[in-house]
């Protein structure tokens, strides 16, 4: 239907414009290469290209150690995601309910969990709850707040999906004699899910990012293991760089996986 | 790139294959001596364990939940290659584990830092905390201490080329690092109130801050500083003699736990039979070039 | 309730300062991130393949990297590369970079809502492409993305809790709650107060955003 803006503005250029664009591309590429070279030079000048700082990555033990950290990250992230998806559904049902005593608490919980930083919730689980007698394990001190925080957002994402399902579907289902529960779970919700899968996966990425707060509660995940490597080898830049790249790769992979599923909302 | 640096890189590349540690902070610990010492520690008999509910609980659980650090060079450093933690605090923890459970490796480790040490005991996340943990009254209100097992004063660490700071008296207006939740902030408040203090969560971060020039000085327990005279790039030196009160390190236990008496009895035992002195030599003495073994502090 | 009033008596000014610091960090990071994100979006429209590639990589990196990892890299690793940035600019830089990546994404969506015919008409009037972008497309795109940008601003405000992870001069709300919980038994009350402040700020932003959106939205 409508072409992308770039096509309209810059597509099908005349030969002069094409030559100009090519020249500019070359110039830009040259500038970017100079910048890249500058960064590499900076690494070198600061002594960060010294092999002694990078050699630890030639050892399989290092990668095994990082993998253990990544496993800790993903273990927490997966459980938190499951909590978010399930609790989000519960909150959604409460939010959509026609009963006031179900709706108002749901709205309150959703707004509260959305409006408070995840880190603050984590601090509460770690510092405050124990004095009230609630003692969680380290794993749950990280996973529970992250799961709760995300559940609220997931509930809103579900709601957006449900609202996007054409009204005709609900009406038709009702006229067929289905109960409200059946209408929701067999007609509306499945269709809503297909609209919102990208948004849900985006939340999954946020969950993985939130697990980096694990060291606040002394949970062993990737950042923690990075610090051990640094204490042993003083390779601050290489280790943090590699860890950052690992996080980016994992999250990017999750985002890419989402593009294979679901379709955009109308 | 000069010929020399190419040659150097080749040599280093060859060293990669052998995995030889070309860089270590100070003298690395004698792993063989350490492991032998820990494996030869005393084991308690059933009656001793039964007399302490804290120890009995651990014996029943089959493992000791330990709160410690993995990134403190002299006291507790994890070697990720063999997965073993070694250092003065680590040796005590492993000996205690062996004392109760018969095997020094049956502990479950939780990384703590100076801000989380009390909380993990209050939360019952760990049974014991060994992490250069200074005994002071404020902390003693929340948790109990066994020991002291070591004492150290405070020291000031600066970079070698820093002539301006000769002792803690010169810290006024200077950016000074210390560890959050440690005795550092209180010591600075008393001895160098005009210093501009930055608190870090771990010893390593504070050291890096000094090396990178974020701070001019690092004030913490003197012993921690002894091994840091080589920071890697740019050396460091101690500014002035150790100062301040003798800081006693204790073993953190849950409040009111009878583990205190149990551990104190254990400490008396290993101090009497010379194990304490041997631990000190392997973990601290040999690595900092000190030969005079200090006398262990008096136990209550 | 008595707990809360006692807490406010002891720490009232500290909470006020913490709130102001939170707002300040939010505002500065958002403005910087928003401007940077807009520039990135516009540059990505230009028909220069190397530039588009690099900027796409930029957006992907800062969308996917955890803010904590980025902050730690800037504060602890960059100095080893001889780039020493003080704590406050480091936090602002981290938040701004992440904000810019999300802005670039949302703005791109906003640009997609502007009908192609507008650009074609502008071109046929003799406008140069850059001017078409700045005078015709961008204003409408910005008006279309007020809602997601409001969400982004709220998320950014909540992310300022990051500052508690470095030796930041001054405490923002989360750092203050952690300190109070460590020093006293008033942790729950402190959390309640801080939560109330975060919520109130978020609601304020949401309300302002909704009002702005209603005013500038383009009905098609």
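Residue numbers (the numbering used here), protein chains in the order written: chain S, 25 to 290; chain H, 3 to 302; chain F, 3 to 222.
Cβ coordinates follow ideal geometry from the N, Cα and C atoms, glycine included.
Computed from a predicted structure; not experimentally measured.
Three-state secondary structure (DSSP) of residue i
i: residue 27 of chain H; result: Note that residue 27 of chain H has pLDDT 49, beneath the 50 cutoff, so the model's placement of it is unreliable and the number below is only indicative. In this structure, residue 27 of chain H counts as coil in the three-state DSSP scheme.
i: residue 286 of chain H; result: helix
i: residue 98 of chain F; result: helix
i: residue 170 of chain F; result: coil
i: residue 198 of chain H; result: strand
i: residue 127 of chain F; result: coil
i: residue 116 of chain H; result: coil
i: residue 73 of chain H; result: strand
i: residue 84 of chain H; result: coil
i: residue 189 of chain S; result: coil
i: residue 66 of chain H; result: strand
i: residue 271 of chain H; result: helix
i: residue 289 of chain S; result: With a pLDDT of only 48 at residue 289 of chain S, under 50, the local geometry of the prediction cannot be trusted, and the value read off the model is given with reservation. In this structure, residue 289 of chain S counts as coil in the three-state DSSP scheme.
i: residue 89 of chain F; result: helix
i: residue 79 of chain H; result: strand
i: residue 133 of chain H; result: strand
i: residue 284 of chain S; result: helix
Length of the line joining the Cα atoms of residue i and residue j
i: residue 38 of chain F; j: residue 124 of chain H; result: 46 Å
i: residue 30 of chain H; j: residue 69 of chain H; result: 23 Å
i: residue 184 of chain F; j: residue 263 of chain H; result: 27 Å
i: residue 215 of chain H; j: residue 288 of chain H; result: 30 Å
i: residue 272 of chain H; j: residue 247 of chain S; result: 37 Å
i: residue 226 of chain S; j: residue 279 of chain S; result: 7 Å
i: residue 104 of chain S; j: residue 211 of chain F; result: 30 Å
i: residue 30 of chain S; j: residue 148 of chain F; result: 23 Å
i: residue 25 of chain S; j: residue 217 of chain S; result: Legend: pLDDT at residue 25 of chain S = 47, less than 50; position of this residue unreliable, value from coordinates given subsequently. Cα to Cα, the separation comes out at about 26 Å.
i: residue 260 of chain S; j: residue 74 of chain F; result: 10 Å
i: residue 86 of chain F; j: residue 83 of chain S; result: 30 Å
i: residue 190 of chain S; j: residue 219 of chain S; result: 12 Å
i: residue 43 of chain S; j: residue 50 of chain F; result: 12 Å
i: residue 216 of chain F; j: residue 173 of chain F; result: 36 Å
Min CB distance residue i to chain H below 8 Å
i: residue 5 of chain F; result: no
i: residue 270 of chain S; result: no
i: residue 175 of chain F; result: no
i: residue 78 of chain F; result: yes
i: residue 39 of chain S; result: no
i: residue 255 of chain S; result: yes
i: residue 244 of chain S; result: yes
i: residue 85 of chain S; result: yes
Pair within 8 Å by beta-carbon distance, residue i and residue j
i: residue 153 of chain S; j: residue 160 of chain S; result: yes
i: residue 222 of chain S; j: residue 282 of chain S; result: yes
i: residue 199 of chain H; j: residue 180 of chain H; result: yes
i: residue 23 of chain F; j: residue 42 of chain F; result: no
i: residue 191 of chain H; j: residue 178 of chain H; result: no
i: residue 179 of chain F; j: residue 196 of chain F; result: yes
i: residue 219 of chain F; j: residue 110 of chain F; result: no
i: residue 241 of chain S; j: residue 162 of chain S; result: yes
i: residue 78 of chain F; j: residue 100 of chain F; result: no
i: residue 186 of chain H; j: residue 221 of chain H; result: yes
i: residue 182 of chain F; j: residue 13 of chain F; result: yes
i: residue 173 of chain H; j: residue 156 of chain H; result: no
i: residue 155 of chain S; j: residue 112 of chain F; result: no
i: residue 66 of chain S; j: residue 206 of chain F; result: no
Cβ of residue i within 8 Å of any chain F Cβ
i: residue 1 of chain H; result: Here chain H comprises residues numbered 3 to 302, so residue 1 of chain H is not present and cannot be evaluated.
i: residue 248 of chain S; result: no
i: residue 303 of chain H; result: As displayed, chain H neither begins before 3 nor continues past 302, which places residue 303 of chain H out of reach and without an answer.
i: residue 214 of chain H; result: yes
Per DSSP, cross-strand counterpart(s) of residue i
i: residue 82 of chain F; result: Residue 82 of chain F is not bridged to any residue.
i: residue 161 of chain H; result: H:238
i: residue 178 of chain H; result: H:199, H:219
i: residue 146 of chain H; result: H:255
i: residue 249 of chain H; result: H:154
i: residue 206 of chain S; result: Bridge partners of residue 206 of chain S: none, in fact.
C-beta neighbour in chain S for residue i, strict 8 Å
i: residue 51 of chain F; result: yes
i: residue 210 of chain H; result: yes
i: residue 210 of chain F; result: no
i: residue 141 of chain F; result: no
i: residue 271 of chain H; result: no
i: residue 113 of chain F; result: yes
Review point. The segment 112-126 of chain H: which residues have C-beta closer than 9 Å to a C-beta of chain B, in chain order?
Key: Judged by its chain identifiers, the structure shown contains no chain B, and its protein chains are S, H and F.
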